[in-house]
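Asker: Counting in the numbering used here, the sequence shown runs from -1 upward without gaps. Note that CB positions come from ideal geometry on N, CA and C, so glycine has one too.
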Amino acid sequence: MLLHGVHITAVQGVTDLAFVIGHGFTNHVRKPAVNRVLNRFARRGGVVALDFRGHGRSAGRSSVGADEIHDLAAGVELARALGYRRIVTVGFSMGASIAIRHAALAPDGAKPDAVAAVSGPSRWWVRESVAMRRVHWLLEQPHGRLAARLLGVRLGDPWATPPESPLEVVHRITPTPLLVVHGEDDHYFSPDHGVALHRASRGHSELWLEPGTRHAESAMTPALVDRIAAWLDHASASEGHR
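1) So, with DSSP's three-state summary, where would you put R84?
2) Less than 8 Å between the beta carbons of T174 and P110, yes or no?
3) Going by beta-carbon coordinates alone, are H2 and S56 separated by less than 8 Å?
4) Roughly how many angstroms separate the alpha carbons of M92 and H134, rounded to a whole number?
5) Out of W123, L136, V167, H53, which one is the CA nearest neighbour of H202?
6) Cutting at 6 Å between CB atoms, please list the residues of its own chain near S234, excluding the five before and the five after it.
7) Expressed to the nearest angstrom, what Euclidean distance is found between the alpha-carbon atoms of A194 and L103?
8) Since I6 sits in a beta bridge, which residues does DSSP pair it with?
9) If I follow the unbroken alpha helix (DSSP H) through L207, where does it start and stop?
10) Would you mind giving the Cβ-Cβ distance between V46 and L76, rounded to the nearest angstrom? I have them listed as a contact below 8 Å.
11) With 16 other CB atoms within 10 Å as the buried threshold, where does M218 fall?
12) Quick one: measure Cβ to Cβ for N25 and V32, integer angstroms, because I've assumed they're closer than 8 Å.
13) On the DSSP letters alone, give me the boundaries of the alpha helix (DSSP H) that L103 sits inside.
14) Between the alpha carbons of H191 and T211, how many angstroms are there, rounded?
15) Who pairs with G20 in a beta bridge, going by DSSP?
16) Indicate whether V62 and F23 have their beta-carbon atoms separated by less than 8 Å.
17) Taking 7 Å as the limit between beta carbons, can you name the residues of its chain near T172, skipping five residues before and five after?
18) Of the choices E208, A79, G52, whose alpha-carbon is the least far from that of E66?
19) Are there 16 or more other CB atoms within 10 angstroms of the CB of E182, so buried, or fewer, so exposed?
20) Which term fits A114, buried or exposed, when burial requires 16 or more other beta carbons within 10 angstroms of its beta carbon?
21) Looking at A71 and A108, is the spacing between their C-beta atoms short of 8 Å?
22) Using only the alpha-carbon positions, how far apart do G198 and R131 sit?
23) Apart from the five residues on each side of it in sequence, which residues of its chain come closer than 7 Å, Cβ to Cβ, to R125?
24) What does the Cβ neighbour count give for V128, buried or exposed, with the cut at 16 atoms within 10 Å?
25) Using a Cβ-Cβ cutoff of less than 6 Å, which residues in the same chain neighbour R170 once the five nearest sequence positions on both sides are dropped?
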C-alpha cells in the first residue's frame, strides 16, 4: 500500500532526533492545523508524518486505528532509514490510540524511544459527547459513510473483531517513556480518558491535564507543542533510551 506524507528537516540543522507524528481521524498532513503542528515540532528535530491509510493522499481504506499501527511503524522505519538515531512518536486523537498500541505491540528493536499520546481515547465505542456521536454516525450509517468521503476519508469494513484497546495494552509500553496529554476542555474525549490511561500504565507514564485546552491538533498552541517536544527530546536521550 502506498502511503504519502512529509519529511521536514529540523530548523536548527542536523539532529539525531525525529518526531514521527500520527494525525487524528479525518485529518492529513496538508491540513493547516496539522501542518502548523508539524512545523513547530521541526524547531526541535526532524519530522516524519504520513497520511494514515484512507486519509489524504494515501491509498487504502481507514480501519479507524486498528491496522494503522502498521502505517506508524512504516513512519518509524522511514525515520531510521533517513539516519535518525532517536525516534519518538506523537499521536493525536485516533493517532494517540495508534501510537500507544504501536509502542505496546511492536517487537523489540522496532519500538520508538519515547511516546506522546495527545487527546487519545482510552477505549473504543465512546459516545459520551455530541462530537463522538457524530463520529459514530459517520462510521455506522450508510449516509454517514458517504459523508465521510466528503471529509476526505475512505472507510474500510467495520471491525470483525475489535483490537485490544489502548487501556488494555498501555502497561506493555514499559520501559519506553510515555507522556499522556489531555485537554481539560476536550469536547470529544473527556479528561477521564487521559487519567484512565495514566492509571492503566501502572505509574509508568507522565500525565498532563491542560486547562482550557480542547481536542487534538487544532487545540495545540506553540507553547504546548514546544513542551511536548522538549519532554520527548529529554526522555529519548535519557540513560537506557539511546
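Answerer: The relevant details are as follows:
1) As a first step, residue 84 must be located in the sequence shown, where it is residue number 86. Three-state DSSP puts R84 in a strand.
2) To locate residue 174, count along the sequence shown from 1; it is residue 176. To locate residue 110, count along the sequence shown from 1; it is residue 112. In this structure, the beta-carbon distance from T174 to P110 falls below 8 Å.
3) As a first step, residue 2 must be located in the sequence shown, where it is residue number 4. As a first step, residue 56 must be located in the sequence shown, where it is residue number 58. Yes, these two residues count as a Cβ contact at 8 Å.
4) By one-based count along the sequence shown, residue 92 stands at place 94. By one-based count along the sequence shown, residue 134 stands at place 136. Their Cα atoms are separated by approximately 13 Å.
5) Counting from one through the sequence shown, the residue named residue 202 turns up at place 204. Nearest Cα to H202 within the set W123, L136, V167, H53: V167.
6) On the sequence shown, position 236 is the one that residue 234 refers to. Leaving aside the five residues that flank S234 on each side, the residues in its chain whose CB is nearer than 6 Å to its CB run, in chain order, R84, V86, D111, A112.
7) Within the sequence shown, numbered from 1, the residue matching residue 194 stands at position 196. Within the sequence shown, numbered from 1, the residue matching residue 103 stands at position 105. In a straight line, the C-alpha of A194 is about 19 Å away from that of L103.
8) Along the sequence shown, read from residue 1 onward, the residue named residue 6 stands at position 8. DSSP lists V45 as partners of I6.
9) What you label residue 207 is simply residue 209 of the sequence shown in a count that begins at 1. L207 -> not in any alpha helix (DSSP H); beta strand (DSSP E) instead, spanning 204 to 208.
10) Here residue 46 refers to the residue found at position 48 of the sequence shown. Here residue 76 refers to the residue found at position 78 of the sequence shown. A Cβ-Cβ separation of about 6 Å places V46 in contact with L76 under the 8 Å criterion.
11) The sequence position of residue 218 within the sequence shown is 220, counting from 1. The residue is buried, with at least 16 neighbouring Cβ atoms inside 10 Å.
12) Along the sequence shown, one-based indexing puts residue 25 at 27. Along the sequence shown, one-based indexing puts residue 32 at 34. Contact holds; Cβ gap of about 5 Å.
13) Translated into the one-based positions of the sequence shown, residue 103 becomes position 105. First-last of the alpha helix (DSSP H) with L103: 92 to 103.
14) Along the sequence shown, one-based indexing puts residue 191 at 193. Along the sequence shown, one-based indexing puts residue 211 at 213. The straight-line gap from Cα to Cα measures roughly 15 Å.
15) Numbered from its first residue, the sequence shown carries residue 20 at position 22. DSSP output for G20 lists G89 as bridge partner(s).
16) As a first step, residue 62 is located in the sequence shown; it is residue number 64 there, counting from the start. As a first step, residue 23 is located in the sequence shown; it is residue number 25 there, counting from the start. Yes, these two residues count as a Cβ contact at 8 Å.
17) For the purposes of this step, residue 172 is taken as the residue at position 174 of the sequence shown. If you ignore the 5 residues before and after T172, its C-beta comes within less than 7 Å of the C-beta of H202, all in its own chain and listed in chain order.
18) Sequence index remark: in the sequence shown, residue 66 carries index 68 (1-based). Nearest option by C-alpha distance: G52.
19) Your numbering for residue 182 matches position 184 in the sequence shown. In the assembly as shown, E182 is an exposed residue. Its beta-carbon has fewer than 16 other beta-carbons within 10 Å.
20) Within the sequence shown, residue 114 is the residue found at index 116, counting from 1. It is buried - the Cβ of A114 has at least 16 other Cβ atoms within 10 Å.
21) Within the sequence shown, numbered from 1, the residue matching residue 108 stands at position 110. Within the sequence shown, numbered from 1, the residue matching residue 71 stands at position 73. Closer than 8 Å, so yes.
22) Sequence index remark: in the sequence shown, residue 198 carries index 200 (1-based). Sequence index remark: in the sequence shown, residue 131 carries index 133 (1-based). For the sequence presented, residue 198 should be read as Ala rather than Gly. Here the C-alpha atom of A198 lies approximately 25 Å from the C-alpha atom of R131.
23) On the sequence shown, position 127 is the one that residue 125 refers to. The beta carbon of R125 lies closer than 7 Å to those of R131, H134 in the same chain, with the five residues before and after it left out.
24) Counting from 1 along the sequence shown, the entry for residue 128 is found at position 130. Exposed: under 16 other Cβ atoms inside 10 Å.
25) Locating residue 170 in the sequence shown gives position 172, counting from the first residue. Close CB contacts of R170 within its chain, under the 6 Å cut and outside five residues either way in sequence, are with A102 (chain order).
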